[in-house]
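Numbering-wise (the numbering used here), the sequence shown opens with residue 269 and increments by one.
Beta carbons are placed, not taken as given, at the ideal position from N, Cα and C, and that holds for glycine.
Bear in mind that the values here come from a model prediction, so they are computed numbers and not experimental data.
The structure under discussion appears below in the form of structure tokens.
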Amino acid sequence: MAPLENGSCPATHPVKAKLRSGIYHVEGTTSYQRTRADRCYASPEEAEGDGFRQPRR
269 MAPLENGSCP
279 ATHPVKAKLR
289 SGIYHVEGTT
299 SYQRTRADRC
309 YASPEEAEGD
319 GFRQPRR
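Structure follows, in structure tokens:
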């Protein structure tokens with residue numbers, strides 16, 4: 269799903285993914301608030317299925 273205009277994700281798809289890094293961020297992690305999403309997913313599993321990985325830290 270495409271993010272909202274401000275780079276945030278809707279409540280139904282809260283997982284933020286960045287195309288350039290190939291990383292997804294979930295609510296409550298360090299980088300979540302400052303990340304402007306390129307794509308939004310309903311779950312981490314959905315993001316991983318699309319080729320994204322979780323951050324290393």
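| query | When the Cα atoms are used, what is the spatial distance from PRO271 to GLU314? | reply | For the purposes of this step, residue 271 is identified with residue 3 of the sequence shown, where counting begins at 1. For the purposes of this step, residue 314 is identified with residue 46 of the sequence shown, where counting begins at 1. Taken atom to atom, the span from the alpha-carbon of PRO271 to that of GLU314 is near 15 Å.
| Distance, GLY317 Cα to LYS284 Cα | Taking the first residue of the sequence shown as 1, we reach residue 284 at position 16. Taking the first residue of the sequence shown as 1, we reach residue 317 at position 49. Those two C-alpha atoms are separated by around 14 Å.
| query | What do you get for ALA305, buried or exposed, if any count of 16 or more other CB atoms within 10 angstroms of its CB means buried? | reply | Here the question's residue 305 lines up with position 37 in the sequence shown. Answer is buried; the Cβ neighbour count reaches 16.
| message | Distance check for TYR300 and ALA279, CA to CA, integer angstroms please. | response | Numbered from 1 along the sequence shown, position 11 holds the residue referred to as residue 279. Numbered from 1 along the sequence shown, position 32 holds the residue referred to as residue 300. Using only the alpha carbons, I get a separation of about 14 Å.
| query | What distance in whole Å lies between the Cβ atoms of PRO282 and GLU295, which are believed to be in contact at a cut-off of 8 Å? | reply | The residue given as residue 295 occupies position 27 in the sequence shown. The residue given as residue 282 occupies position 14 in the sequence shown. Right, the Cβ-Cβ distance comes to about 5 Å (below 8 Å), so this counts as a contact.
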